[in-house]
Amino acid sequence: MDKSVINLALAGFGTVGTGLAKIIKENQDWIERRIGKKLVITRILVRDLSKVRPFIPGPEAVFTDRFQDLLDDQDIDVVVELMGGMDTAFSLIKQSLERRKHVVTANKALLAEMGGELFALAHDRKLGLCYEASVAGGIPIVQTLKDSLAGNRISSITGILNGTANFILSEMTSKGQDFSTALKAAQDLGFAEADPALDVEGVDAAHKLAILIRLAHGADYPFKLLPVNGISKVEAMDISLAAGFGYVLKLIAQVREKSGHLQAGVFPALLPMDHILAKVDGPFNSILLEGNAVGPIMLYGQGAGGLPTGSAVLADIMSLARNGAAVDNTGFRERVLPEADIIEPDLAVSRHYFRMTALDKPGVLSAVSGVMGEHNISIAQAVQKPGPQGRDVPIVFLTHRAQLKAVQSALKVIDDFDFTTAPTVHYRILK
Ligand code: NAP
Ligand code: HSE
């Protein structure tokens, strides 16, 4: 872009759009010093024109509720999609690329589920489709995988990728807050998705994981095949029981590479309190990865919020302004990435925590340990919480390393016993 002024259209002026506009206004001189160009927001697309906007970027910014106005404006260099959602955002990005405008987006849902077609189009038109803000808010993980670690084969990525879920778990752990109060606070602070089920059911973290898999492994992991479990059913009792054993509960997104095959998923897991990810609290995210040359690397920062996310969006805009578009927006030369070779997720091996609820009567522990033995699962610890005899009590088991599939099948048998009075709660334990 050989111009001294880069015109931006913001599609969306909520938490992230407003955050971005504030940074551009505040740091304009600094930005110009770095890229030698002035960034000007000339159009802003919103849904509701009557809403009072506490912050307005500048006199050049014209608000509209018609996305056609952004497409028709030939002076716009970069369309910055910060609306969220699928269909309208997809149409806007597709048509922007067709009109030869670069695109920057924070929309992980769209890129994870429908990104292939958009990346191919951007590749054909030699345009930027940039998405640093789509994973882990302010943490520069996209650039890190695409550029800084480009020469490495990545054998594992383990991340805390959802600020809302991590905030809720932290509040429940440190303040004993209940789930819905903590979720409401995350929404008020602007961390949550418009539909917070995406955060608490693990779907948002899975969207981000799919994007990281593409960047780290050059492969598309079909989103529908990613196993996803969230935190909506987490009970305070397990947080406190796990703490007694020296563990903390986190929502984990993980991919591991074995001989070219990928094992991936999102699941709540117990981490030992001295695990490097165990102290990642509140809306903070962290990504721990292992490259075959660099070894372990950990990134940490704010995973949500207007300014941290706006910082990542701005980095993409400045990079486009400075360098123009890279054809390989995915980090690889292919127009379309191959599909990932998948290892069945339930073949994963780890330690396990489970809490069964059973009537306190003779024979319970021997029946449960018999089932475990039949499934080749070795129990490392078992603790029964005291309660009145004949009534139901929680019994917690920690196992040695065992295959997930074996544990799931043993738990089905355990839940069918007549002394089991509630479904058994189960979490994997990560080292
Ligand atoms: P938000 O606060 O809900 O803002 C959405 C904005 O888009 C609003 O200005 C809204 O208009 C506008 N909008 C929505 N649908 C529209 C439509 N159909 N037509 C025109 N305008 C429309 O959302 P956000 O939190 O900023 O998130 C935006 C995107 O960034 C999402 O993809 C999200 O996943 C992603 N993201 C968010 C965060 C975060 O911390 N919040 C972090 C990383 C990535 P009105 O103002 O008129 O309602
Ligand atoms: N809702 C997301 C989160 C926003 O809580 O992590 C950042 O992507």
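Counted the way my numbering counts, the sequence shown spans residues 3 to 433.
C-beta atoms are modelled at their ideal positions from N, C-alpha and C, and glycine is treated no differently.
A quick note: this is a predicted structure, and the numbers were derived from the prediction, not measured.
Q: Please classify LYS260: does DSSP put it in a helix, a strand, or coil?
A: strand
Q. Quick one: is the Cβ of VAL45 within less than 7 Å of any heavy atom of the ligand NAP?
A. Here residue 45 turns out to be Arg, not Val, going by the sequence shown. No.
Q: Between the Cα of ILE162 and those of LEU171, ASN154, THR146, ARG155, spot the shortest distance and give me the residue it belongs to.
A: LEU171
Q. By a C-beta neighbour count over all protein chains shown, 10 Å radius and 16 as the cutoff for buried, is PHE356 buried or exposed?
A. buried
Q: Consult DSSP for ALA124 and reduce its assignment to one of helix, strand or coil.
A: helix
Q. Between ASP126 and the rest of its own chain, which residues show a CB-CB distance below 8 Å, the 5 nearest in sequence each way excluded?
A. So the list reads ARG337, once near-sequence residues are dropped.
Q. Among SER158, VAL144, ALA23, which one has its Cα closest to the Cα of GLU292?
A. SER158
Q. Got a sec, what are the start and stop residues for the beta strand (DSSP E) LYS40 sits in?
A. 40–47
Q.
Excluding the 5 residues flanking LEU349 on each side, which residues of the same chain have their C-beta closer than 8 Å to its C-beta?
A. GLN265, GLN405, LEU406, LYS407
**Q.** Contact set for ASP180: own chain, Cβ-Cβ below 8 Å, skip 5 residues either direction
**A.** MET174, ALA238
Q.
Can you look up PHE356 in the DSSP assignment and give me helix, strand or coil?
A. strand
Q | Best match in PRO285, LEU272, LYS363, ALA323 for proximity to HIS354 [C-alpha to C-alpha] | A | LEU272
Q: Counting only runs of 4+ residues fully inside the region 287–320, write out the alpha helix (DSSP H) ranges in chain order.
A: Within the region 287–320, no complete alpha helix (DSSP H) run reaches 4 residues.
(Q) Just to confirm, is the Cβ distance from PRO274 to VAL236 under 8 Å? (A) no
Q: Answer yes or no: do ILE289 and ALA196 have a C-beta to C-beta separation smaller than 8 Å?
A: no
Q. By Cβ distance below 7 Å, which residues in the same chain neighbour ARG403 in space, the five residues on each side in sequence not counted?
A. VAL351, SER352, ARG353
Q: Sort out for me which residues DSSP pairs ASN9 with in a bridge.
A: VAL42
Q: For LEU10, count neighbouring Cβ atoms within 10 angstroms of its own Cβ and tell me buried if that reaches 16, exposed if not.
A: Counting Cβ neighbours within 10 Å, LEU10 comes out buried, since at least 16 surround it.
Q: With a threshold of 7 Å, establish whether the CB of GLY165 neighbours any heavy atom of the ligand HSE.
A: yes
Q: Mark GLY333 as exposed unless 16 or more other C-beta atoms lie within 10 angstroms of its C-beta, in which case mark it buried.
A: buried
Q. When the Cα of ILE143 is compared with those of ASP343, ASP318, ASP276, ALA327, which residue comes out closest?
A. The shortest C-alpha separation from ILE143 is found at ASP318.
Q. For ILE397, does the count of other Cβ atoms within 10 angstroms reach 16, so buried, or fall short, so exposed?
A. buried
Q. Of all the options GLN189, ALA212, SER371, ILE213, which has the alpha carbon lying nearest to the alpha carbon of VAL202?
A. GLN189
Q: Check whether the Cβ of LYS110 sits closer than 7 Å to any heavy atom of the ligand NAP, and report yes or no.
A: yes
Q: Within its chain, find whatever has a CB closer than 6 Å to the CB of MET320; leave out the 5 residues flanking it on each side and keep chain order.
A: ILE37
Q) Which stretch, first to last residue, makes up the alpha helix (DSSP H) that contains GLN434? A) A question about residue 434 goes unanswered here, because the residues of the chain that appear run from 3 up to 433.
Q. Would a C-beta distance cut-off of 8 Å place LEU339 and ASP240 closer than the cut-off?
A. Contact flag unset, no.
Q) Is the beta carbon of LEU367 less than 8 Å from the beta carbon of ALA384? A) yes
(Q) Could you give the first and the last residue of the continuous beta strand (DSSP E) run that contains ILE156? (A) Start and end: 156–162.
Q: Note down the Cα distance separating ILE416 from ALA244, rounded to an integer number of angstroms.
A: Using only the alpha carbons, I get a separation of about 21 Å.
Q | ASN109 and SER136 closer than 8 Å at C-beta | A | Contact flag set, yes.
Q. Which whole-angstrom value describes the C-beta separation of ALA255 and LEU211, a residue pair presumed to lie in contact below a C-beta threshold of 8 Å?
A. Contact holds; Cβ gap of about 4 Å.
Q. Whose C-beta lies closer than 8 Å to the C-beta of ALA152 among residues of the same chain, with five residues either side of it excluded?
A. GLY333
Q) What are the residues that DSSP puts in a beta bridge with GLN265? A) ARG258
Q: Run the proximity test for GLU195: is its beta-carbon closer than 7 Å to any non-hydrogen atom belonging to the ligand HSE?
A: yes
(Q) For LYS252, list the residues DSSP reports as bridge partners. (A) ALA271
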